[in-house]
Amino acid sequence: MRYKDFTWPHNPEIYTVENRRRVAVHRVPFGGCVLQELGSACRVLRGEGEFSGADAYDQFRRLEAVFQEGGPGQLVHPVWKVQRAYFVSLKAVEQPLPDYVRYSFEFWEDSGGYDGGLTESDDGGALLTPGEPSGGTGGSRAVHIVKKGDTLWGIARQYGAALTDLIAANPQIKNPNLIYPGNEVRLP
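Counted from 1, the sequence shown has number 54 at position 40 by my numbering; the numbering is strictly sequential.
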């Protein structure tokens with residue numbers, strides 16, 4: 015397993031990959047409820063491992079230094095496709111010894127995966143279709159008209175934008191989990 019510039023001397027012995035779907039629950043008068051799918055949540059990789067040998071504590075400290083760097087990095091794991099991920103948790107599970115350290119970790123997949131996002135369009139605000147380049151450098155921004163079943167996460171993914179950038183570009187949307195057909199979503 016490898017993350018950023020740290021390569022594990024041997025793969026952690028225990029790991030789980032968790033996939034979740036986000037769902038909103040809307041109560042219906044007189045009982046029952048309606049569920050609204052809000053898209054997939056990020057995948058989470060959790061695990062436990064150990065470093066042993068004369069340099070065990072040094073290995074853990076190097077891994078901890080990578081954790082302290084912050085920001086996303088490439089995670090290469092035997093069962094998880096190569097993915098951009100955030101290193102969100104690192105714990106020494108028991109008292110570290112000079113020659114033995116047991117630890118647990120957690121990575122969250124970053125589905126955005128884009129550093130630049132989209133550029134502004136100079137086409138007078140015409141709508142973009144998925145995969146269409148957004149054009150030049152000036153002018154008004156392109157918009158997406160919400161259709162039934164759309165989510166901000168899906169729109170961001172459709173246009174190759176980071177969800178956080180899309181939310182920031184649309185302050186008129188008070189609750190990012192609730193958008194309605196006909197709403198205009200400005201693309202970042």
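Idealized CB from N, CA, C, for every residue including glycine.
- DSSP, read as helix, strand or coil, puts Phe74 in helix.
- Where Ile187 is concerned, there is no enclosing beta strand (DSSP E), because DSSP gives it neither an H nor an E.
- Nearest to Val58 by alpha-carbon distance, out of Glu64, Asn184, Asp124 and Pro202, is Asp124.
- 7 Å or more divides the Cβ of Asp19 from the Cβ of Ala70.
- Val115 places its beta carbon less than 7 Å from that of Phe74.
- Residue nearest to Ala99 within the set Tyr117, Val90, His24 and Ala106 is Val90 (criterion: CA-CA distance).
- Beta-bridge partners of Arg200 (DSSP): Val157.
- Note on Ala182: under 16 other CB atoms within 10 angstroms of its CB, so exposed under the neighbour-count rule.
- Between the C-alpha atoms of Asn189 and Ser66 there is a straight-line separation of about 49 Å.
- Comparing alpha carbon positions, the residue from Gln50, Gly63, Ala68 and Phe121 closest to Pro26 is Gly63.
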